[in-house]
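What follows is one structure encoded as structure tokens, with my remarks underneath.
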Amino acid sequence: MSKHPSLHGQRGAATLAITLALLIGMLVTLLAANRNLLIELRQSSNQAQAAAAFEAAEAGLDWAVAMLNADARIGTDCKPSPLATQSFRERHLDTALPAFTPRGVQPACVRGDAGWNCACPDSGVATPAASGAAFALRFEAGASDGRLRVVATSGALAEHSASIALQPALAAPPAAALTVRPAGLAAELFFTGLFGLSKAQWLRQPAVRQLDCRGDCGAAIAVAAQQGATLLALPGDLTLRGPLTLGSPERPLLIVAGGALQLQGAVQLHGVAHAASLAWIGPAATVRGALISEGAAAGDASLDLQRDADVLEALRTRQGSFVRLPGSWRDF
5 MSKHPSLHGQ
15 RGAATLAITL
25 ALLIGMLVTL
35 LAANRNLLIE
45 LRQSSNQAQA
55 AAAFEAAEAG
65 LDWAVAMLNA
75 DARIGTDCKP
85 SPLATQSFRE
95 RHLDTALPAF
105 TPRGVQPACV
115 RGDAGWNCAC
125 PDSGVATPAA
135 SGAAFALRFE
145 AGASDGRLRV
155 VATSGALAEH
165 SASIALQPAL
175 AAPPAAALTV
185 RPAGLAAELF
195 FTGLFGLSKA
205 QWLRQPAVRQ
215 LDCRGDCGAA
225 IAVAAQQGAT
235 LLALPGDLTL
245 RGPLTLGSPE
255 RPLLIVAGGA
265 LQLQGAVQLH
275 GVAHAASLAW
285 IGPAATVRGA
295 LISEGAAAGD
305 ASLDLQRDAD
315 VLEALRTRQG
325 SFVRLPGSWR
335 DF
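Quick note: the sequence shown, position 142, residue 146 per the working numbering, numbers continuous.
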């Protein structure tokens, strides 16, 4: 007797087909959703990297201006070093002429767990070893003397640039070796006419080193000058007692004292000193540059004072603080 297949054995085939179709549909939907999620994750990652590069490049511009205004002598790690012989400005720019010709050296910094790690090579392009947000700098000649173009790049994702200009330490050098404020001219206007800024603004310049010293401060000024400072401000009376040598024809000093300045003995100064009043006594002091007084100026005939045009020109064209020029910033 032959057996016929049971009709009940065919039950569930259509259900299985429908279930498989639903599973395939769900799989396709999941794949599509996962693809969109992966695209969004990649876009988010790219946006995060671009934002980090943007901020790193902007930080590079700010860092460049701050370092150009710092007077400390630095090593190849861009940090102050007692063994270094050049400041950041001297390392990256030829300061012998007012044009500030870039030397072609390119510093760079990278962000690590402990903060920024920077490299200031003696020549060529810096290559920091760490990985992370980073920027590299290059300097380009400006459109005129005293101007520069700073370009900060962060990989291939961001490039920012800005023009900077030198705010002279001595905007209008005095016409005489000994200059005394006229009686009818206010002290603030007298200062502004020579320095191009009010006294308060001039003292706030980043390139000005503040020395909290009163009285006999010759040794403190000599140490600061040896460390690289050329613009110095002291809050009160100042006595320079010889034997003492401050500044040089190539690197003159500009000293602004809040009180009276007195030269005692064999003091040799290349630069300019400005004070509320001036006095000097022998033996002879030697000044090559200029002395400026807001009040009285008195002393014996021993003072050897000569107006040195080269010294004054160096303070006008090669010393001071760099500032960004409005409207010069670009991020493309």
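Glycine included, C-beta positions come from ideal geometry on N, C-alpha and C.
Since we're looking at a predicted model, the values are computed, not measured.
- For D314, the enclosing alpha helix (DSSP H) stretches over residues 313 to 321.
- With 16 or more neighbouring CB atoms inside 10 Å of its own CB, E298 falls in the buried class.
- When the Cα atoms are used, L265 and D220 turn out to be separated by approximately 10 Å.
- The three-state secondary structure of E254, taken from DSSP, is coil.
- The C-beta separation of L316 from A289 comes to about 18 Å, leaving the pair out of contact by the 8 Å criterion.
- Looking at the DSSP output, T157 bridges to A140, E163.
- About 5 Å separates the beta carbon of L258 from that of V276, a gap short enough to meet the 8 Å contact definition.
- Rounded to whole angstroms, the separation of the alpha carbons of P172 and T196 is 12 Å.
- Per DSSP, reduced to three states, the secondary structure at Q230 is helical.
- The continuous stretches of beta strand (DSSP E) do not include L307, and DSSP gives it neither H nor E.
- Cβ atoms of A280 and G269 stay farther apart than 8 Å, at about 21 Å.
- Taking C-beta atoms as the reference points, A169 and G150 count as a pair closer than 9 Å.
- In this structure, DSSP gives F194 a helical state, which the three-state scheme calls helix.
- Cα atoms of L309 and W284: separation of roughly 11 Å, rounded to the nearest angstrom.
- Distances from the CA of T243 to each of A181, A226, F104 were compared; the closest alpha carbon is that of A226.
- With the rule of 3 Cβ pairs closer than 8 Å, the segment 180 to 195 does not count as touching the segment 93 to 113.
- Out of S158, R245, T183, the CA that lies nearest to the CA of L295 is found in T183.
- For L273, the enclosing beta strand (DSSP E) stretches over residues 271 to 279.
- Around the beta-carbon of A74, 16 or more other beta-carbon atoms lie within 10 Å, marking it buried.
- G222 carries a helical assignment under DSSP once its states are collapsed to helix, strand and coil.
- Exposed is the label assigned to Q205, since fewer than 16 other Cβ atoms lie within 10 Å of its Cβ.
- Selection L34, E254, A68, A228 evaluated against C124 yields A68 as nearest (Cα-Cα).
- Membership of R77 in any alpha helix (DSSP H) is not indicated, and neither H nor E is assigned to it by DSSP.
- For Q266, the enclosing beta strand (DSSP E) covers residues 264 to 268.
- With fewer than 16 other Cβ atoms inside 10 Å of its own Cβ, L20 counts as exposed.
- Taking C-alpha positions only, L35 is separated from T23 by approximately 18 Å.
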